[in-house]
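Peer 1:
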Amino acid sequence: MTGSQKLYLPEVLKGLFVTMGHVLRNLANPRRMPVIFYPEQKKDLPPTTRGRHRLMKREDDSPRCTACMLCATACPAECIHIKAAESPDPDIEKFPEKFEIDMLRCVFCGFCVDACPLDAIRMDVPEVMLADYTRESLVYRKEFLMDHDNKDIVPDYNPPRPVIWTHGPHAKP
Ligand code: SF4
Ligand code: SF4
Numbered sequence: 000m001t002g003s004q005k006l007y008l009p010e011v012l013k014g015l016f017v018t019m020g021h022v023l024r025n026l027a028n029p030r031r032m033p034v035i036f037y038p039e040q041k042k043d044l045p046p047t048t049r050g051r052h053r054l055m056k057r058e059d060d061s062p063r064c065t066a067c068m069l070c071a072t073a074c075p076a077e078c079i080h081i082k083a084a085e086s087p088d089p090d091i092e093k094f095p096e097k098f099e100i101d102m103l104r105c106v107f108c109g110f111c112v113d114a115c116p117l118d119a120i121r122m123d124v125p126e127v128m129l130a131d132y133t134r135e136s137l138v139y140r141k142e143f144l145m146d147h148d149n150k151d152i153v154p155d156y157n158p159p160r161p162v163i164w165t166h167g168p169h170a171k172p
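Residue 0 is where the sequence shown starts when you use numbering that gives the first Met the number 0, and the numbers rise one by one after that.
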């Protein structure tokens, strides 16, 4: 260390000058501040952002999910909770009576999306609202996850893997 660094005080003053320089520059031109006033202001995120989850729907608005639990098993944060029930559709074995994602535990890894064989869960809603007042409001429930018009948000979106049925009523010849 140099003599000035050993004395500490000159270095502390240098640091304060740098900080004050930033403060004055930002006060003189607030528009150039590298921050936004979230949540009043929101940043436009690119369409490929791994955003908020949603559960995709069938044509009759029922969940595409068959409660196979693959996403919950793949989730490293153990934040997906599914309660399966018998589906009223005779061609489908199960459906998620309850489907919840605890966003306070989610690490946005996307493993759930990759694990799903039915393209039933996507992370393409370009908003990540993780500021709220109660823990309860950050547990996303099935009704909230399905509250969308089922359209593709990302142009030319391709599901992670093609769904090829080898048996059952949807089997391809
Ligand atoms: S993004 Fe990752 S952590 Fe979040 S629910 Fe999916 S698998 Fe779990
Ligand atoms: S992997 Fe897909 S089909 Fe299976 S429980 Fe998760 S969202 Fe539903």
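C-beta atoms are modelled at their ideal positions from N, C-alpha and C, and glycine is treated no differently.
Looking at ligand 2, does it come within less than 7 Å of Cys64, judged from the CB to the closest heavy atom?
Peer 2: Counted from its first residue, the sequence shown places residue 64 at position 65. True, at least one ligand heavy atom lies under 7 Å from that Cβ.
Peer 1: Pick from Glu99, Ile79 and Cys111: whose alpha carbon is nearest that of Tyr139?
Peer 2: Taking the first residue of the sequence shown as position 1, residue 139 is located at position 140. Ranking Glu99, Ile79 and Cys111 by Cα distance to Tyr139 puts Glu99 first.
Peer 1: Hey, how far is the Cα of Ile91 from the Cα of Ala83?
Peer 2: For this step, residue 91 is matched to residue 92 along the sequence shown. For this step, residue 83 is matched to residue 84 along the sequence shown. Roughly 12 Å separates the two Cα atoms.
Peer 1: Would you mind reading off the limits of the alpha helix (DSSP H) that contains Val112?
Peer 2: As a first step, residue 112 must be located in the sequence shown, where it is residue number 113. Phe110 to Ala114 is the extent of the alpha helix (DSSP H) around Val112.
Peer 1: Considering only residues of the same chain and omitting the five flanking positions on each side of Ala114, which have a CB-CB separation below 6 Å?
Peer 2: Walking along the sequence shown from the start, residue 114 turns up at place 115. Once the five neighbours on either side are set aside, the close Cβ partners of Ala114 are Leu69, Cys70 and Ala73.
Peer 1: Would you say the beta carbon of Pro29 is closer than 7 Å to some non-hydrogen atom of ligand 2?
Peer 2: Locating residue 29 in the sequence shown gives position 30, where the first residue counts as 1. No, Cβ of Pro29 sits at least 7 Å from all heavy atoms of ligand 2.
Peer 1: Compute the minimum distance between the beta carbon of Thr81 and the heavy atoms of ligand 1, and state whether it is under 7 Å.
Peer 2: Here residue 81 refers to the residue found at position 82 when the sequence shown is read from its first residue. Checking the sequence, you will find Ile at residue 81 rather than Thr. No, Cβ of Ile81 sits at least 7 Å from all heavy atoms of ligand 1.
Peer 1: Given that a residue counts as buried once 16 or more other Cβ atoms are within 10 Å of its Cβ, and exposed if not, what is Lys141?
Peer 2: Here residue 141 corresponds to residue number 142 of the sequence shown, with the count starting at 1. Flag for Lys141 reads buried.
Peer 1: Taking the CB atoms as reference points, tell me whether Lys93 and Thr47 lie closer together than 8 Å.
Peer 2: As a working note, residue 93 is residue 94 in the sequence shown. As a working note, residue 47 is residue 48 in the sequence shown. Their beta carbons are not under 8 Å apart, which means Lys93 does not touch Thr47 by this criterion.
Peer 1: Using DSSP with H/G/I as helix, E/B as strand and the rest coil, what is Glu92?
Peer 2: Within the sequence shown, numbered from 1, the residue matching residue 92 stands at position 93. Glu92: coil per DSSP, three-state reduction.
Peer 1: Using only CA atoms, which one of Glu126, Met145, Lys97 and Pro75 lies nearest to Glu85?
Peer 2: Sequence index remark: in the sequence shown, residue 85 carries index 86 (1-based). Nearest of Glu126, Met145, Lys97 and Pro75 to Glu85, Cα basis: Lys97.
Peer 1: Indicate the three-state DSSP secondary structure (helix, strand or coil) for Glu99 in the structure shown.
Peer 2: Taking the sequence shown and counting its residues from 1, the one referred to as residue 99 is at position 100. If DSSP states are grouped into helix, strand and coil, Glu99 belongs with the strands.
Peer 1: How close, in whole Å, do the beta carbons of Asn149 and Lys13 come, if the pair is a contact with beta carbons under 8 Å?
Peer 2: Residue 149 sits at position 150 when you count from the first residue of the sequence shown. Residue 13 sits at position 14 when you count from the first residue of the sequence shown. Their Cβ separation, rounded to whole angstroms, is 57 Å, which puts Asn149 and Lys13 out of contact at 8 Å.
Peer 1: In terms of DSSP beta bridges, what is Pro62 paired with?
Peer 2: Taking the first residue of the sequence shown as position 1, residue 62 is located at position 63. Answer is Lys56.
Peer 1: Three or more beta-carbon pairs under 8 Å between the stretch 33–43 and the stretch 107–121, yes or no?
Peer 2: No, because fewer than three Cβ pairs between the stretch 33–43 and the stretch 107–121 fall closer than 8 Å, the two stretches do not touch.
Peer 1: Using only the alpha-carbon positions, how far apart do Lys41 and Pro125 sit?
Peer 2: Indexing the sequence shown from 1 puts residue 41 at position 42. Indexing the sequence shown from 1 puts residue 125 at position 126. Approximately 11 Å between the Cα atoms of the pair.
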